[in-house]
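So the protein sequences, as listed, match chains Y and G.
Going by our numbering, the first residue of the first sequence is number 34, and it counts up by one from there.
Going by our numbering, the first residue of the second sequence is number 34, and it counts up by one from there.
Everything on this sheet refers to the single structure shown next.
Protein chains: 2
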Amino acid sequence: MSTVLKLTPQKVGRPKGGKDVAAQTQDGTVGKALALLDEVAAYGRPVRFAELLSDSDLPKATLYRLLQTLVSQRMLSLDPDTGFYTMGSRLIRLAHAAWQTATLAPVARPHLDQLSSQLQQTVHLAQLDHGQVLYIDKRNAARPIAMFSDAGKIGPAYCTGVGKAILAFVPADVLDAALKQQSWFRHTEHTHTSAESLRADLKDIRATGISFDREEHEPQIICVAVPILDDLGRPLGAISVTSSTLRHSLDDLAGFAPALKETAEAIARDASAYTIPGASPSGITGA
Amino acid sequence: MSTVLKLTPQKVGRPKGGKDVAAQTQDGTVGKALALLDEVAAYGRPVRFAELLSDSDLPKATLYRLLQTLVSQRMLSLDPDTGFYTMGSRLIRLAHAAWQTATLAPVARPHLDQLSSQLQQTVHLAQLDHGQVLYIDKRNAARPIAMFSDAGKIGPAYCTGVGKAILAFVPADVLDAALKQQSWFRHTEHTHTSAESLRADLKDIRATGISFDREEHEPQIICVAVPILDDLGRPLGAISVTSSTLRHSLDDLAGFAPALKETAEAIARDASAYTIPGASPSGITGA
DNA sequence: AACTAAGTTTCAAATAGTGGAACCTGTGGG
DNA sequence: CCCACAGGTTCCACTATTTGAAACTTAGTT
């Protein structure tokens with residue numbers, strides 16, 4: 034079973050007797066329901082009512098009713114025999130719509146195919162979402178196709194090629210906000226562990242238009258990435274080629290940069306063509 | 034732009050002055066919010082407030098507040114410049130969790146890889162969801178044939194190989210319910226257009242364990258499918274090999290059946306191993 | 001049978017959602 | 001230049017919905 038990432042997905046504020054402190058849970062019932070959905074998602078496995086009850090601070094009856102509602106709406110599903118809750122099918126349908134209409138994926142897809150088979154390398158497409166990298170699509174040269182497996186996955190922005198490629202071109206206010214949201218966890222000895230260190234890197238990236246992951250996230254794993262910039266120079270996302278030190282040097286990867294840039298431009302061009310002029314082409318961006 | 038499929042995906046019941054007929058919108062605010070989400074998803078493109086207002090029967094202010102909530106929750110995203118709503122990024126993250134924990138995909142993945150490269154054909158994995166086929170994964174061998182399909186996509190159950198493979202092994206009550214939900218639209222001259230006709234076909238499928246799509250959904254497109262059955266004989270999903278009449282005959286496809294069956298059994302075996310004994314392995318099933 | 005953990009239902013109190021109407025824009029006429 | 005108007009946004013009194021302590025069922029123990 035994959036490492037269960039139980040990291041309190043949304044810090045559901047909780048001053049029990051603490052009066053009305055401020056905007057905590059927010060957004061009424063809908064907000065609570067969605068927070069609960071995140072909660073269930075965070076388990077990464079079927080969950081019992083009691084588990085949710087102890088982790089959440091909702092009173093029993095409230096939690097119960099909320100779960101009922103979510104199940105009835107098929108956002109969750111409840112195994113009647115065992116009482117385990119899992120994520121519901123409606124999410125997958127909705128996500129399909131989201132993926133199709135609010136991401137670069139449909140536009141980028143043919144270009145990624147082309148690039149992947151041209152370079153014979155693994156290619157990623159990612160966008161920035163709340164200071165984190167959201168992987169939208171992936172093309173694996175050898176073993177083709179993957180969907181939500183990799184699409185939908187999130188990763189850190191401060192220590193991935195795509196993350197840095199996007200951050201380098203994001204407006205100052207968005208960058209500031211994003212930097213505050215990074216964990217600065219030292220994944221490897223090459224990881225940037227402070228905003229200053231990263232900013233220096235971003236400056237280079239801005240100059241060259243090329244971002245490298247020098248084993249900053251995982252040992253042995255390296256990557257080149259370039260941003261996808263719209264006609265106003267705003268980053269819509271980024272694409273990357275990932276490899277390992279066993280197969281390529283950073284210089285080798287640098288050799289892929291021209292092809293990446295070309296592809297990124299092609300995607301940007303298509304994206305603007307698909308969009309109502311003036312509208313930002315993607316729903317998913319910074320903030 | 035890809036064909037906009039505007040087919041009122043959920044028949045949002047609508048008795049305007051009709052008093053309180055019965056369980057319509059249901060589930061309070063959460064239900065309404067989710068219905069709205071579906072509404073937006075159905076457009077398949079960015080939507081304006083006014084469009085939603087005229088299609089929905091919510092009063093202006095209510096709709097407005099709901100949208101605000103959903104945007105604030107990142108289930109929708111609103112382009113501040115243009116006022117267009119699109120699906121939000123949170124859906125993609127949630128769907129990833131759903132896909133990972135509530136579908137057969139993670140378990141089936143290696144087996145599909147294996148099958149796809151062994152047969153050098155396009156392989157699909159699907160599950161039944163509310164009388165419809167929900168495509169969970171797809172593996173496309175070498176050259177992609179001209180066909181659109183992706184994880185998260187939904188399709189009819191009564192005229193697809195995977196749909197019929199599952200229906201053939203579903204308990205009587207689920208089958209009855211599912212049959213009522215079919216549109217019986219005559220996609221091609223081979224499409225089953227009535228429950229009787231389909232039932233006869235299902236009987237054969239039950240006998241042989243093999244389901245064929247004989248150009249029933251799209252002209253030229255044919256497919257063999259087999260169900261994935263758990264140890265109690267309940268269908269967890271189905272896998273299929275799809276091709277076109279230009280490349281294969283139905284007899285050719287029949288030749289793939291043994292490999293398909295073997296793979297389906299392997300998936301079922303793994304699925305039961307991954308699950309708490311007694312729990313149904315997948316959240317997504319009939320009903 | 002007595003106890004306990006886990007899940008379900010009740011019900012008065014209170015919060016949160018409703019929606020008609022007024023109020024802001026920015027745009028396009030006249 | 002001023003008015004009309006469509007597309008959005010905000011108000012606010014009215015109510016339906018949500019809330020959660022507590023009582024109540026089941027299963028599973030000891």
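Even glycine gets a Cβ: it sits at the ideal position worked out from N, Cα and C.
Item, Value
"Since Y:Ala-135 and G:Met-120 are thought to touch, with beta carbons under 8 Å apart, how far apart are those beta carbons, to the nearest angstrom?", "4 Å"
"With 8 Å as the threshold, decide whether the Cβ of Y:Ala-130 is near any Cβ in chain G.", "yes"
"Would you list, in chain order, the members of the stretch 294 to 305 of chain Y that have their beta-carbon closer than 7 Å to a beta-carbon of chain G?", "none"
"Leaving out five residues on either side along the sequence, give the residues of the same chain with a beta carbon under 7 Å from the beta carbon of G:Leu-283.", "Phe-245, Arg-247 and Ile-255"
"Could you compute how far the alpha carbon of Y:Pro-139 sits from the alpha carbon of Y:Ala-306?", "13 Å"
"From the DSSP secondary-structure annotation, give me the bridge partner or partners of Y:Ala-159.", "Y:Tyr-168 and Y:Ala-271"
"In this structure, how does DSSP classify Y:Ser-149 when only helix, strand and coil are distinguished?", "helix"
"Of all the alpha helix (DSSP H) runs that stay within the bounds of the stretch 50 to 105 of chain G, which reach a length of 4 or more residues?", "61 to 76, 82 to 88 and 93 to 105"
"To test your reading of the DSSP string, which unbroken alpha helix (DSSP H) runs of 4 or more residues are found completely within the stretch 109 to 147 of chain G?", "122 to 135"
"Could you tell me the distance, in whole angstroms, from the CA atom of G:Val-274 to the CA atom of G:Leu-152?", "9 Å"
"Do Y:Gly-116 and Y:Arg-78 have their C-beta atoms closer together than 8 Å?", "no"
"At a cut of 8 Å, does the stretch 155 to 175 of chain G reach the stretch 100 to 116 of chain G through at least three beta carbon pairs?", "no"
"Is G:Met-180 close to chain Y, meaning its C-beta is less than 8 Å from at least one C-beta of that chain?", "Note that G:Met-180 scores 40 on pLDDT, short of 50, meaning its location in the model is unreliable; the coordinates nonetheless yield the value given after this. Answer no: the Cβ-Cβ gap between G:Met-180 and chain Y never drops below 8 Å."
"Output the boundary residues of the beta strand (DSSP E) element that contains Y:Ser-305.", "From DSSP, Y:Ser-305 is part of no beta strand (DSSP E) but of the alpha helix (DSSP H) over 290 to 307."
"Take Y:Trp-217 and list the residues in its own chain whose beta-carbon comes closer than 7 Å to its own, dropping the five residues that flank it on each side.", "Tyr-191, Thr-226 and Ser-227"
"Against chain Y, does G:Leu-167 count as a neighbour if the rule is that its beta carbon must be under 8 Å from one of theirs?", "yes"
"Tell me the rounded alpha-carbon separation between Y:Asp-146 and Y:Lys-93.", "50 Å"
"Is Y:Val-274 close to chain G, meaning its C-beta is less than 8 Å from at least one C-beta of that chain?", "no"
"Select from the stretch 196 to 207 of chain Y all residues with a C-beta closer than 7 Å to any C-beta belonging to chain G, and list them in chain order.", "none"
"Find the residues of chain G that neighbour Y:Val-60, judging by a C-beta separation of less than 8 Å, and give them in chain order.", "It should be noted that the sequence gives Asp, not Val, for residue 60 of chain Y. What Y:Asp-60 touches in chain G: Thr-102, Ser-105 and Gln-106."
"Answer yes or no: do G:Leu-279 and G:Gln-253 have a C-beta to C-beta separation smaller than 8 Å?", "yes"
"The alpha helix (DSSP H) that contains G:Ser-230, what's its start and end?", "228 to 241"
"So, is G:Thr-102 buried or exposed, given that buried needs 16 or more other C-beta atoms within 10 angstroms?", "buried"
"Within its chain, find whatever has a CB closer than 8 Å to the CB of G:Lys-213; leave out the 5 residues flanking it on each side and keep chain order.", "Gly-164"
"State buried or exposed for Y:Glu-72, treating a residue as buried only when at least 16 other CB atoms are found within 10 Å of its CB.", "buried"
"Mind checking if Y:Val-156 is an interface residue toward chain G, Cβ cutoff 8 Å exclusive?", "no"
"Chain Y beta carbons: is any one of them nearer than 8 Å to that of G:Ala-159?", "no"
"Using a Cβ-Cβ cut-off of 6 Å (strictly less than) and excluding sequence neighbours within five positions of G:Ala-299, which residues of its own chain qualify?", "His-144"
"Please state whether DSSP places G:Leu-283 in a helix, a strand or coil.", "helix"
"According to DSSP, is Y:Val-207 part of a helix, a strand, or is it coil?", "helix"
"With respect to the alpha helix (DSSP H) encompassing G:Gly-194, which residues constitute its N-terminal and C-terminal limits?", "194 to 200"
"So, is Y:Ser-87 buried or exposed, given that buried needs 16 or more other C-beta atoms within 10 angstroms?", "exposed"
"How big is the Cα-Cα spacing for G:Glu-295 and G:Arg-172?", "17 Å"
"Going by the CB atoms, is the gap between G:Pro-189 and G:Gln-215 shorter than 8 Å?", "yes"
"If you check the beta carbons only, do Y:Gly-185 and G:Ala-128 fall under 8 Å apart?", "yes"
"8 Å is my cut-off, CB to CB: does Y:Val-257 come that close to chain G?", "no"
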